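Residue numbers (the working numbering): 2 to 47. Right, one structure below, let's go through it.
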């Protein structure tokens, strides 16, 4: 099964909760894991 990748951005972080924004055309399905990448760290958020 192929997996599609949607690119978005984190808009807000409060404690362990975050808001992410995606284009409507590339909105990931509910319950998909989100992988956050930056130049310093990579984090997988389930």
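Just so you know, even glycine gets a beta-carbon here, dropped at the ideal spot from N, CA and C. From a predicted model like this one, the values you see are computed outputs, not experimental measurements.
Item to check | residue 27 versus residue 17: straight-line alpha-carbon distance, rounded | outcome: Walking along the chain shown from the start, residue 27 turns up at place 26. Walking along the chain shown from the start, residue 17 turns up at place 16. Roughly 24 Å separates the two Cα atoms.
Item to check | Straight-line Cα distance separating residue 5 from residue 22 | outcome: Within the chain shown, residue 22 is the residue found at index 21, counting from 1. Within the chain shown, residue 5 is the residue found at index 4, counting from 1. About 17 Å.
Checklist entry - So, residue 12 versus residue 24, is the Cβ gap smaller than 8 Å? => result Position 11 of the chain shown, counted from the start, is the residue given in the question as residue 12. Position 23 of the chain shown, counted from the start, is the residue given in the question as residue 24. Cβ atoms of residue 12 and residue 24: not closer than 8 Å.
Next on the checklist: Give me the DSSP bridge partner(s) of residue 15.
Outcome noted: Taking the chain shown and counting its residues from 1, the one referred to as residue 15 is at position 14. Paired residues: 18.
Item to check | Distance, residue 10 Cα to residue 32 Cα | outcome: Translated into positions along the chain shown, residue 32 becomes position 31. Translated into positions along the chain shown, residue 10 becomes position 9. Whole-angstrom Cα-Cα distance: 17 Å.
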